[in-house]
Each structure stands twice: as C-alpha cells, then as structure tokens.
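Residue numbers (my numbering): 42 to 423.
All C-beta atoms in this analysis are idealised placements derived from N, C-alpha and C, irrespective of residue type, glycine included.
For clarity, every value in this text was computed on a predicted model and none was experimentally measured.
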Amino acid sequence: MKKNYLSLLCAGVMCVVQACSDNHPYQVSGKLTGVKSDSLVIRVVNNYYGYIEPIDTVVMKNGSFGFDVPASIATMIMIAPLSSDKADGKKVPSGIFLLAVPGEQAVVSGTVENYIITGSDFYKPYNEILAITNPVMKQMDAITEKYRPLFATTGTGCDSISSACQLEIRQVQDKASDIALQYIKDYPDQELSALLIAGIKPEDRQKAVGMLSQSVRDGRMAAFYQAFVETDESERYFTRAAKNIQPGLTAPDFTLKNLNGKDFVLSSLRGKYIVLDFWGSWCGACIKEIPDLKKTYEQYNDKVEFVSIDCNDTRQTWEKAVAQYKLPWTQVHNNGIPADVAALYAVTLYPSKCIIDPNGKIVKMFTGETSEFYTSLDELLK
Numbered sequence: 042m043k044k045n046y047l048s049l050l051c052a053g054v055m056c057v058v059q060a061c062s063d064n065h066p067y068q069v070s071g072k073l074t075g076v077k078s079d080s081l082v083i084r085v086v087n088n089y090y091g092y093i094e095p096i097d098t099v100v101m102k103n104g105s106f107g108f109d110v111p112a113s114i115a116t117m118i119m120i121a122p123l124s125s126d127k128a129d130g131k132k133v134p135s136g137i138f139l140l141a142v143p144g145e146q147a148v149v150s151g152t153v154e155n156y157i158i159t160g161s162d163f164y165k166p167y168n169e170i171l172a173i174t175n176p177v178m179k180q181m182d183a184i185t186e187k188y189r190p191l192f193a194t195t196g197t198g199c200d201s202i203s204s205a206c207q208l209e210i211r212q213v214q215d216k217a218s219d220i221a222l223q224y225i226k227d228y229p230d231q232e233l234s235a236l237l238i239a240g241i242k243p244e245d246r247q248k249a250v251g252m253l254s255q256s257v258r259d260g261r262m263a264a265f266y267q268a269f270v271e272t273d274e275s276e277r278y279f280t281r282a283a284k285n286i287q288p289g290l291t292a293p294d295f296t297l298k299n300l301n302g303k304d305f306v307l308s309s310l311r312g313k314y315i316v317l318d319f320w321g322s323w324c325g326a327c328i329k330e331i332p333d334l335k336k337t338y339e340q341y342n343d344k345v346e347f348v349s350i351d352c353n354d355t356r357q358t359w360e361k362a363v364a365q366y367k368l369p370w371t372q373v374h375n376n377g378i379p380a381d382v383a384a385l386y387a388v389t390l391y392p393s394k395c396i397i398d399p400n401g402k403i404v405k406m407f408t409g410e411t412s413e414f415y416t417s418l419d420e421l422l423k
C-alpha cells in the first residue's frame with residue numbers, strides 16, 4: 042500500500058511569513074510580476090494520493106518573496122497567488138510547480154504563467170525540464186476545461202464523457218512519456234532527470250529508473266520518484282480492494298475527521314443502513330446531484346445514515362463547499378492519512394456511493410453518476 046512521505050512535513054497551523062528583507066538564505070525565493078495579490082499560497086503535492094494541500098501563506102513585498110519548505114526530502118510544491126485560491130470547483134488555479142530539495146536554493150522569476158528557475162547548480166537544467174513538462178500541463182488543462190461543462194450537462198452520460206476525456210489526456214501523456222524517456226537516456230547523471238519519471242507511462246517507469254546512473258538512482262531523488270514507481274503496486278492494491286467491495290462482504294471500517302475535527306468511525310453506525318457518498322467540490326457531477334441527494338436524505342434520514350466523504354480537496358475548500366451547498370448530513374474529510382478511504386473502497390470515479398446494511402455488510406457499490414443508486418435505495422427501503 043502507498044506510503045505518505047509528506048507526513049514528514051510540518052503542515053500544522055497555517056502561518057504567514059513576511060517577505061525577505063534580511064539576508065536569510067531562503068530555500069525558495071524570487072520576484073513575480075503581474076500578480077494582483079500581495080500574498081502567495083504554498084501547497085505541497087502528495088504524489089501518493091494525488092491531492093494538493095496548502096501548508097503556508099507568504100506575504101510579498103513589491104513582488105519579492107522568500108520561504109523555506111519544512112521537508113527533509115525532495116518535495117514538489119505549488120506556488121499560487123492567494124486571489125486564485127478559489128473553492129468554487131470551476132477551475133484549478135494556475136501556479137508555479139517547483140521541486141524543493143533540502144540544501145538547495147531555488148530562485149523564481151517572471152510571471153505565474155511564464156517563469157524561469159535559477160539558483161544553485163542543482164536547478165541549472167530546470168528550465169529545460171520545464172520546456173518539456175509545461176506544454177503537457179497546458180494541453181491537459183485545456184482538455185479538462187473542454188470537458189468541464191460537458192460533465193454538468195443534463196442527461197449526458199458521465200461515464201462516456203469521462204472515458205473520452207481520459208483518452209485525450211492519455212494520448213498527450215504518451216507523447217510526453219516518450220520525450221521524457223529520451224531525456225533521461227541522454228542525461229542519466231543529472232539528478233533532475235529523475236523528476237521526469239512522474240510523467241512517464243506506468244509500464245515504462247521501471248525502465249526509466251534503470252536508465253539513471255546509480256548515484257542518481259540511489260541518491261536524494263529516490264524518495265521523490267519512488268512514489269511513481271510504486272504505481273503498479275498501487276494498481277494491484279486497487280484490484281485487491283475491489284475484490285473486498287462486493288455485496289455481502291463486511292464494509293471496511295475507517296476513521297476520518299468530521300467538520301469539528303473529531304473522529305468519525307464508520308462502525309459506530311452499526312445497526313443502521315448507511316450510505317457512503319464519495320465526492321469532491323471539484324467534481325461537477327457531484328455538485329450537480331446535490332439536489333437529488335438532499336431530496337433522498339429528507340425522505341429516508343429516519344432510516345438511513347448518510348455520510349459524505351470528501352476526496353482530493355483541501356480542508357479549507359471542503360469546509361467552504363459544505364457551507365455553500367448546505368449539506369445537513371455527516372461530512373468527513375479523506376486526506377489519505379492514515380489511510381486513503383477512497384482507495385480502500387476502490388473508488389476510481391466520482392461521485393461513487395456504497396450502501397451498507399445494519400449488519401455492516403455491503404449491499405451494493407455504485408460508480409459514477411447513476412440513477413441506479415436512487416432506484417436501489419427505494420427498493421431496499423420500501
């Protein structure tokens with residue numbers, strides 16, 4: 042099962058850091074132009090669980106900033122203007138992606154959309170890497186924006202749209218993967234070559250690792266690329282999980298934090314029917330079905346406990362969405378710590394739902410946006 046190496050981060054209370062006005066050798070510093078906000082949000086990218094979590098807010102002075110990343114290993118971060126930190130789920134905020142490495146200094150300059158990285162010798166090849174990765178990210182963003190309104194279109198099959206979207210993204214990724222493999226082959230002794238393993242097709246990642254020189258392969262970049270090499274093991278984990286999410290089997294127990302920061306334990310609801318709703322504020326289909334889910338809750342809340350499990354949102358974004366859509370039933374946040382509950386239930390598409398009977402047995406799992414869930418619940422509770 043995946044390990045969460047970002048638990049090493051001191052991601053406790055959010056803090057505000059004044060922009061550098063002294064001679065502190067900040068790990069990450071720079072100057073940005075064209076930023077309307079005077080503050081930046083610093084996020085860490087969890088490569089194992091696929092979400093981005095804010096850890097800090099940095100105040101800029103005349104566009105200049107500086108901060109340290111509280112991590113003891115190479116960690117991907119995202120730097121974005123505070124004004125872009127929206128929770129409406131309509132568009133992913135643009136930002137600067139940077140690999141922060143202990144002992145190295147990165148200097149960022151330019152704009153959020155068009156930037157360069159300088160600093161210590163480690164970062165000398167970074168802009169060449171950006172020339173490979175940035176066009177791919179822009180293409181994938183364009184594909185996502187193309188399909189976003191289609192997910193919200195009434196009567197359109199979510200599964201078919203998702204498949205078409207994933208197909209276009211995969212085609213872009215495949216081309217980028219071939220370019221990344223060639224780069225690693227050409228520069229096996231370069232530490233930053235390991236960064237490109239993140240964009241290589243899963244079936245070729247072990248091959249890419251083998252291309253790296255031993256010093257790079259076993260060096261400080263290992264903790265970063267291992268998250269991606271373990272994708273195959275992750276897929277095997279999902280396969281095993283899917284075998285455990287079958288009608289008649291006991292629903293896996295879990296503990297997650299609720300809106301009050303207290304533990305919610307699934308097994309505490311034993312003796313009642315339960316509906317688990319896997320969703321996210323970023324998911325158009327999830328938002329679209331909230332009115333139907335509310336009607337169903339009003340109809341059956343005396344017979345069924347509804348539990349919505351937010352996935353791939355920051356806690357702040359999740360809390361804002363719950364308030365915005367006025368969700369009256371139990372709300373919990375799945376951030377992958379200590380276990381990824383979505384993976385535990387083999388969730389690969391959102392929204393997904395699971396009906397559990399009073400004995401804790403799975404009645405049925407429903408994947409994606411489907412009316413079958415509502416029909417099945419009606420039949421079950423007649």
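Close-in-space but distant-in-sequence residues of the same chain around residue i (CB under 8 Å, 5 per side omitted)
i           : result
residue 371 : 299, 305, 346, 347, 348 and 349
residue 131 : Any reading at residue 131 is ruled out, since the residue's pLDDT is 39, under 50, leaving its predicted position unreliable.
residue 163 : 142, 145, 232 and 233
residue 416 : none
residue 66  : 146
residue 309 : none
residue 52  : Residue placement at residue 52 is flagged as unreliable, the pLDDT there being 33, under the threshold of 50; the coordinate-derived value follows with that caveat. Same-chain partners within the cutoff: 85, 94, 96 and 111.
residue 421 : 314, 396 and 404
residue 201 : none
Residues of its chain near residue i, where Cβ-Cβ distance is below 6 Å and the 5 sequence neighbours each way are ignored
i           : result
residue 206 : 188
residue 63  : Only weak support exists for where residue 63 lies, its pLDDT of 49 falling under 50; the value from the coordinates is given anyway. Excluding positions up to five away in sequence, the list is empty.
residue 331 : 366
residue 88  : 268
residue 424 : This structure gives no information on residue 424, because the portion of the chain shown stretches from 42 to 423.
residue 76  : 122
Beta-carbon contacts of residue i that lie in its chain and below 7 Å, excluding the five residues immediately before and after
i           : result
residue 185 : none
residue 405 : 288, 396 and 417
residue 247 : 270
residue 249 : 222, 225, 238 and 241
residue 195 : Low confidence applies here, because residue 195 scores a pLDDT of 45, under 50, leaving its location unreliable; read the following figure in that light. So the list is empty, once near-sequence residues are dropped.
residue 254 : 229 and 230
residue 168 : 157 and 158
residue 413 : 407
residue 285 : 293
Where the alpha helix (DSSP H) through residue i begins and ends
i           : result
residue 328 : 325-329
residue 248 : 246-252
residue 404 : Counting along the chain, residue 404 falls outside any alpha helix (DSSP H), though it belongs to the beta strand (DSSP E) covering 403-408.
residue 394 : Taken as a continuous stretch (DSSP letters only), residue 394 belongs to no alpha helix (DSSP H), being part of the beta strand (DSSP E) at 393-397.
residue 270 : 263-270
residue 257 : 255-258
residue 384 : 382-385
Supposed contact pair residue j and residue i - C-beta distance, whole angstroms, cut 8 Å
i           : j           : result
residue 385 : residue 288 : At roughly 17 Å, the Cβ-Cβ gap does not stay under 8 Å, so residue 385 and residue 288 are not in contact.
residue 120 : residue 107 : Not really, about 12 Å apart at Cβ, beyond 8 Å.
residue 157 : residue 236 : At roughly 16 Å, the Cβ-Cβ gap does not stay under 8 Å, so residue 157 and residue 236 are not in contact.
residue 334 : residue 203 : Incorrect: roughly 20 Å between the Cβ atoms, too far for contact.
residue 222 : residue 245 : 6 Å
residue 344 : residue 366 : Wrong, their Cβ atoms sit about 23 Å apart, outside the cutoff.
residue 73  : residue 159 : Between residue 159 and residue 73 the Cβ distance is about 14 Å, and since that is not below 8 Å, they are no contact.
residue 115 : residue 252 : Rounded, the Cβ-Cβ distance is 19 Å, inconsistent with contact.
residue 256 : residue 241 : That belief does not hold up - the Cβ atoms of residue 256 and residue 241 are roughly 20 Å apart, past 8 Å.
residue 297 : residue 373 : 4 Å
residue 375 : residue 383 : 6 Å
Test item: CB-CB of residue i and residue j under 9 Å
i           : j           : result
residue 147 : residue 68  : yes
residue 95  : residue 82  : yes
residue 311 : residue 399 : yes
residue 99  : residue 113 : no
residue 149 : residue 139 : yes
residue 123 : residue 70  : no
residue 409 : residue 291 : no
residue 319 : residue 307 : no
residue 341 : residue 369 : no
residue 210 : residue 178 : no
residue 4   : residue 173 : Beyond the ends of the chain as shown, which are 42 and 423, falls residue 4; an answer cannot be given.
Span of the beta strand (DSSP E), counted from its first residue to its last, around residue i
i           : result
residue 419 : Note, residue 419: premise wrong, no beta strand (DSSP E); alpha helix (DSSP H) at 413-421.
residue 102 : Neither: residue 102 is in no beta strand (DSSP E) and is coded neither H nor E.
residue 365 : No beta strand (DSSP E) contains residue 365, which is instead part of the alpha helix (DSSP H) from 356-366.
residue 306 : 304-306
residue 141 : 137-141
residue 110 : Where residue 110 is concerned, there is no enclosing beta strand (DSSP E), given that its DSSP letter is neither H nor E.
residue 147 : 147-151
residue 316 : 314-320
residue 159 : 156-160
residue 347 : 345-352
residue 375 : 371-375
Are the region 389-398 and the region 358-367 touching by the rule of at least three beta carbon pairs closer than 8 Å? Pairwise C-beta distances place the region 389-398 out of contact with the region 358-367, as fewer than three of them are shorter than 8 Å.
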